[in-house]
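Just so we're aligned, residue 6 is where the sequence shown starts under the working numbering, counting upward by one.
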Amino acid sequence: MLHNLLLLFVFVITCFRYLILATATATAGVINNNDLQRRKLATDENPGFVSIDCGVEDDYFDNSTGIRFKSDTEFISSGENHDTFPEYFLNNEQFGKRYETVRSFPNGMKNCYTLKLEQATNNSFRIRASFAYGNYDRKNKIPKFDLYLGVNYWTTVNLTNFEGFFYEIIHVFPADTEYVCLANTGTGTPFISALEIRPSNISTYGNGSSLELINIGLYKDDIYDRVWYPSQLPRSVPINTSSDIDTQGSGNLYKLPVEVLRTAVRPFNGSNSLSYSSSFASSYDYNLYFHFAELEFFEDKQREISITVNGITQGPFTLEYLKPLSISFQRLRTVEGNITFTISTTMESGLPPILNALEYYQLKQFTDSATDPSDVNAIMSIKHTYNRDDWQGDPCLPKGYSWSGLSCHFGSPPRIISLNLSSSKLTGEISPSLAHLLELQSIDLSYNDLTGSVPDVLATLPKLKSLNISGNKLKGPIPQSLKDKSDHGSLLLSFDENQTSCHRDPCEGNSKKFIVPVVVSIIAAVALVILLSVLFIFHRKRKRKQTEVVNNTTASNKEGFLKSKNQPFTYSEIVTITANFKTGIGEGGFGKVFHGHLNDGTPVAVKLLSSSSKQGYKEFQAEAQSLMIVHHKNLVSLIGYCKEDDHMALVYEFMSNGNLRQHLFCMDT
């Protein structure tokens, strides 16, 4: 398992007054050409060397540090830019302009910087996050908030003054993209001043480990752009040299800058040991790195030392003139909350011990794994489709900071199981990328302005139990695959309130809100045929000036107006067929309609012309003639007729399944 090492202290061991002078000389003013070329090489040719000044509008070159800083606008899409009060940073000139502005995040619980680096996967980088409150919001109240690296908790930003402070970590990137996130904990608005990423050879600090850092002070010849804190051990005196130190040799494993190695301390009054003790949290392991370089030349003497940390001893080691040497102690536990070291000389040593620099690191275990990559790819596509700037960092983690509208199952890895984007002002089409969230159980896209059709690929989601797309502007029918799932009870499908033609068949649910276009077309076609037939008959009759022919006593096809194959009935037969007009089943303009049976049991409907009918004999004859001509599967057939004295009737095939309206709207008969 990878660890992340929190760098607690990096000491440059030297005289405090001298170091102030040396640091001011080294870091203030315009840098020389060698420094400029070194920084230019690091920033321009190394894609892993990124400097971000948060809150500035434009990129710039910082003469005080020799580093080109980028605006943070391309790394984050949220937040507000603010200026700080410059009087708080008079003693921080070595940090240049980075403390002059901040970006604050009054909105959202989690705001993240997206760090995309070329070939970053499984490579280590030093990440430094700087914070300088500077009373930017004029509230005179320093906020407190959490800092996350990827999906794991890094630290709590808890500043003690208005001036600058930073947190640093050496971290192995699990992918080419990593996030630095600021989380609102309810104790003030998060903000940040600068974010810097530097390549780091983590193998020198231990296999498979990463480091976390807290320190102050810059040296321009540090290729890793580390920050060093000036200090002096108790009961020690400084020594230094202006000679060149062999920093390019194999002994400089940690690539220390020459200015760090040119100063050192040795015991006061010729003592044979240097000791120091620091208190640390007992819940972590720690790494210590001791850095040496012999600064004094003696022909007949050598400096031979051993190092003991919390009872663990390494050595002896012999220091060579102007050559670096580094000794590490890894995975140390505190003793009663302290880490104590002693550097001693051996019996053979002719010189007292020295120490040039020291690094403390705290090992932090990052145990949480990021959301499943396939889910991340899919939800990122959905994010871009709907322009969700509030979706930042990992979709599911940290817990309590999942993206709004998402619910996750926190397994290993976490998976997205629910998506609720109801009333989110979404536009465009339903994203087909939803079909790649294979663990989704619920999707709610209701009450947006979505258009287009419903993608049938949603039916391929194996665990989908609920889909709500109501209240949109979708077009077209619901895919049959989704309807089938709904019909089988495996999917709760909601869409009835869509202001669209997106609906089920009209017979489902006895819905009276919709009329199927196909049914409407059939009705219109049949009505048109009937109308044209009637007009044709009237036109032919007028043209031929034929008189009405009525045969009252015979069904002869030669004498009557019903010259067809239809069966003639007498009035007495009509009375028998209808059981003396016992069962009325309707009433129209001609008169009443009765239910009856022929002698062979065939059910029929008998339409009887009433003497009080508002429609006369001509209309009755016209209907009979039309039915003789028109034949359609959706029209009842004419079986026979009766014309006897003043009694006229038409005998139809009986339809037992209700009327046309009941068929169209699936109403009970």
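Backbone N, C-alpha and C fix where the C-beta goes; we use that ideal spot for every residue, glycine too.
| Check | Outcome |
| --- | --- |
| Would you kindly check if the distance between the Cβ of L324 and the Cβ of H296 is under 8 Å? | no |
| Just reading off the beta strand (DSSP E) that M653 is part of, what are its end residues? | 652 to 658 |
| Mind pulling the beta strand (DSSP E) runs of 3 or more residues that sit fully within the stretch 63 to 125? | 65 to 67, 72 to 76, 85 to 88, 106 to 109, 115 to 121 |
| In three-state terms, what does DSSP make of Q551? | Annotation note: pLDDT 44 at Q551 (below 50); position unreliable, coordinate value reported separately. Correct three-state label for Q551: coil. |
| Among all the DSSP beta bridges, which residues are the ones paired with E309? | T323 |
| Thinking C-beta only, is F171 closer than 8 Å to R133? | yes |
| From which residue to which residue does the beta strand (DSSP E) around I344 run? | 343 to 350 |
| Near V263, which residues of its chain fall below 7 Å by C-beta distance, leaving aside the five closest residues on each side in sequence? | D226, I250, T252 |
| Could you check which residue in L469, G433, D489 has the C-alpha nearest to that of N675? | Only positions 6 to 674 of the chain appear in this structure, which leaves residue 675 out of reach. |
| Does T372 have its Cβ less than 8 Å from a Cβ in chain C? | The structure shown has no chain C; it contains just one protein chain. |
| Just to confirm the assignment, what range does the alpha helix (DSSP H) spanning T192 have? | No alpha helix (DSSP H) contains T192, which is instead part of the beta strand (DSSP E) from 182 to 192. |
| Can you check the stretch 221 to 306 for any beta strand (DSSP E) of at least 3 residues that lies completely inside it and give the ranges in chain order? | 234 to 236, 241 to 245, 268 to 272, 278 to 284, 290 to 298 |
| Quick check on this structure: which residue in S386, L479, E353, L472 has the alpha carbon closest to the alpha carbon of H441? | S386 |
| So the candidates are P195, N425, A180; which of them puts its Cα closest to the Cα of P111? | P195 |
| May I have the straight-line CA-CA distance separating V598 from E592, to the nearest angstrom? | 6 Å |
| Quick one: Cα of P237 to Cα of N68, how far? | For the record, residue 237 in the displayed sequence is Gln; it is not Pro. Those two C-alpha atoms are separated by around 30 Å. |
| Going by the CB atoms, is the gap between D461 and L426 shorter than 8 Å? | no |
| Quick one, which of S109, E62, T78, F66 has its alpha-carbon nearest E85's? | S109 |
| Going by DSSP, what residue range makes up the beta strand (DSSP E) through Q367? | 362 to 370 |
| Going by the beta-carbon positions, is the gap between S698 and R103 smaller than 8 Å? | A question about residue 698 goes unanswered here, because the residues of the chain that appear run from 6 up to 674. |
| Please say whether A125 and F178 have beta carbons closer to each other than 8 Å? | yes |
| For V656, count neighbouring C-beta atoms within 10 Å of its own C-beta (all shown protein chains included) and say buried if the count is 16 or more, exposed if not. | buried |
| Using the rule of at least 16 other Cβ atoms within 10 Å of the residue's Cβ for burial, across every protein chain shown, is I579 buried or exposed? | buried |
| Which residue wins for smallest C-alpha separation from P204, given the options D77, T350, R231? | R231 |
| Under 8 Å, do L356 and K306 count as touching if we go by C-beta distance? | yes |
| For K149, report the span of its beta strand (DSSP E) as first-last. | 149 to 154 |
| Within a Cβ cutoff of 6 Å, which residues of the same chain sit near D399, ignoring the five residues on either side of it in sequence? | V156, A375, T376 |
| Which class does Y646 belong to by DSSP, given the choice of helix, strand or coil? | strand |
| Going by CA-CA distance only, name the one from A188, L479, V314 that's closest to S451. | L479 |
| Counting Cβ pairs, one atom from each stretch, are 3 or more of them under 8 Å apart for the stretch 333 to 351 and the stretch 382 to 396? | no |
| Touching or not, the stretch 359 to 368 and the stretch 314 to 323, by the rule of three or more beta carbon pairs under 8 Å? | no |
| Would you report the Cα separation of Q485 and A654, rounded to the nearest angstrom? | 48 Å |
| To the nearest angstrom, report how far apart L187 and F302 are at their CA atoms. | 51 Å |
| Hey, could you find the ends of the alpha helix (DSSP H) P727 is sitting in? | Outside the modelled stretch of the chain, which goes from 6 to 674, sits residue 727, for which no answer is possible. |
| Helix, strand or coil for Q572 per DSSP? | strand |
| Distance check for E183 and K115, CA to CA, integer angstroms please. | 15 Å |
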